[in-house]
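S.K.:
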Amino acid sequence: MKKIIIAIDGPAGAGKSTIAKKVAALLGYAYIDTGAMYRTVTLRFLESGLPFSEEAVTAIAEKISITFRYGNGVNRVFADGEEVTDAIRSLEVSRNVSKVAAVGGVRTAMVAAQRKIGNQGGVVMDGRDIGTVVFPQAELKVFLTASVEERARRRYLELKEKGTEVSLEDLEQRIAQRDALDENREISPLRCAEDARYLDSTSLTIDQVTEKIAAMAREVL
Ligand code: CDP
Ligand code: CDP
1 MKKIIIAIDG PAGAGKSTIA KKVAALLGYA YIDTGAMYRT VTLRFLESGL PFSEEAVTAI
61 AEKISITFRY GNGVNRVFAD GEEVTDAIRS LEVSRNVSKV AAVGGVRTAM VAAQRKIGNQ
121 GGVVMDGRDI GTVVFPQAEL KVFLTASVEE RARRRYLELK EKGTEVSLED LEQRIAQRDA
181 LDENREISPL RCAEDARYLD STSLTIDQVT EKIAAMAREV L
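Residues in the sequence shown are numbered consecutively from 1, following the UniProt record's numbering.
#1: Locate the alpha helix (DSSP H) running through Gly105, then write down its first and last residues.
#2: Just reading off the alpha helix (DSSP H) that Asn75 is part of, what are its end residues?
#3: Quick one: does the C-beta of Val58 sit closer than 8 Å to a heavy atom of ligand 1?
#4: Would a C-beta distance cut-off of 9 Å place Asp86 and Ile64 closer than the cut-off?
#5: Nearest by alpha-carbon distance to Gln208: which of Val133, Asp9, Gly15 is it?
#6: Which residues does DSSP pair with Ile66 in a beta bridge?
#7: Using only the alpha-carbon positions, how far apart do Val41 and Gln137 sit?
#8: Does the Cβ of Ile206 lie closer than 8 Å to at least one heavy atom of ligand 2?
#9: Count the other CB atoms within 10 Å of the CB of Lys160; is the residue buried (16 or more) or exposed (fewer)?
#10: Cβ atoms of Ala146 and Asp179: under 9 Å apart, would you say?
#11: Who are the near neighbours of Arg154 in its chain, counting only those whose CB is closer than 8 Å to its CB and skipping five residues on each side?
#12: Looking at the strands, I want to know which residues DSSP matches up with Tyr31.
#13: Could you check which residue in Lys3, Lys2, Asp9, Ile5 has the C-alpha nearest to that of Ser188?
#14: Using DSSP bridges, identify the partner residues of Arg197.
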């Protein structure tokens, strides 16, 4: 059977990575978390101690080799062979990632790497611009969203489970700020592709969303 490209875009905390992972497992496809790639460039930039400039972050993005290894339900991320799976989830990286991801040189390097990984098909790729820019020819595009309150609540519960206490109001504000940066940037802003299926998951469980997207994939296949 032909292996297609499934693009899942949407704002922070919509459930993209959770659901993309499950859909990929159901189909025997690879799951590619493009947000992790922008987070990895951001981590390396923060570690460099350099002041922020487009040149500095572009130079990092052009040199870095980002790879994924999937096993036991965990998507492990490596930068030039060194594992950064946990380090890229820090609040500091989350706070800076949208600024780094708005830089044209960074996006050019990441989009090229993503196309190289996915162009043979058999991938579920999640991010902000997969259906609009990276793979406009993807056979299935989903724009997954939920209300900002629900997305903040989900993130809050997730952090709490990991032992990190944050204020729900603060989290909601930071998510809204990141959404605004992602939606209003000049290059590849977050938006629903014209031919994407819009799915609001505010009152849906993980299993319900997975089933809906799996059904869409079966229909396309
Ligand atoms: O998991 P979460 O929704 O918090 O974010 P993420 O998917 O890890 O993405 C982190 C950030 O990377 C986003 O807020 C965007 O600024 C950027 N990003 C992007 O610009 N384009 C993508 N294809 C994926 C992520
Ligand atoms: O990748 P993205 O930022 O879009 O979201 P995620 O990291 O997959 O999901 C954020 C949190 O919401 C996770 O803890 C999921 O388990 C949870 N979630 C949920 O409770 N209900 C859904 N329908 C989808 C995700």
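Quick reminder that beta carbons are idealized off the backbone N, C-alpha and C, glycines included. This one's a predicted model, so the numbers in the text were calculated from it and none came from an experiment.
M.R.: Taking the coordinates as given:
#1: Within the sequence shown, the letter at position 105 stands for residue 105. It spans 104 to 118 - the alpha helix (DSSP H) in which Gly105 sits, taken as one unbroken run.
#2: Taking the first residue of the sequence shown as position 1, residue 75 is located at position 75. Asn75 -> not in any alpha helix (DSSP H); beta strand (DSSP E) instead, spanning 74 to 79.
#3: Along the sequence shown, read from residue 1 onward, the residue named residue 58 stands at position 58. The sequence given here places Thr at residue 58; Val does not occur at that position. No, since every heavy atom of ligand 1 falls outside the 8 Å radius drawn around the Cβ of Thr58.
#4: Indexing the sequence shown from 1 puts residue 86 at position 86. Indexing the sequence shown from 1 puts residue 64 at position 64. No; because the gap between Cβ atoms is not below 9 Å, this pair is not in contact.
#5: Sequence index remark: in the sequence shown, residue 208 carries index 208 (1-based). It is Gly15 whose Cα lies nearest to the Cα of Gln208.
#6: As a first step, residue 66 must be located in the sequence shown, where it is residue number 66. DSSP, once it has assigned bridges, lists Ala79 as partnering Ile66.
#7: The residue you call residue 41 lines up with position 41 of the sequence shown. The residue you call residue 137 lines up with position 137 of the sequence shown. Approximately 26 Å between the Cα atoms of the pair.
#8: On the sequence shown, position 206 is the one that residue 206 refers to. It does: the Cβ of Ile206 is within 8 Å (strictly closer) of some heavy atom of ligand 2.
#9: Counted from its first residue, the sequence shown places residue 160 at position 160. With fewer than 16 other Cβ atoms within 10 Å, it is exposed.
#10: In the sequence shown, counting from the first residue as 1, residue 179 sits at position 179. In the sequence shown, counting from the first residue as 1, residue 146 sits at position 146. Contact flag unset, no.
#11: Stepping through the sequence shown from its first residue, residue 154 is reached at position 154. Cβ neighbours of Arg154 beyond the five flanking positions: Gly13, Gly15, Ala146.
#12: For the purposes of this step, residue 31 is taken as residue 31 along the sequence shown, with counting starting at 1. Note: Tyr31 sits in a beta bridge opposite Val124.
#13: Taking the first residue of the sequence shown as position 1, residue 188 is located at position 188. For the residues Lys3, Lys2, Asp9, Ile5, the minimum Cα distance to Ser188 belongs to Asp9.
#14: Here the question's residue 197 lines up with position 197 in the sequence shown. DSSP lists Val142 as partners of Arg197.
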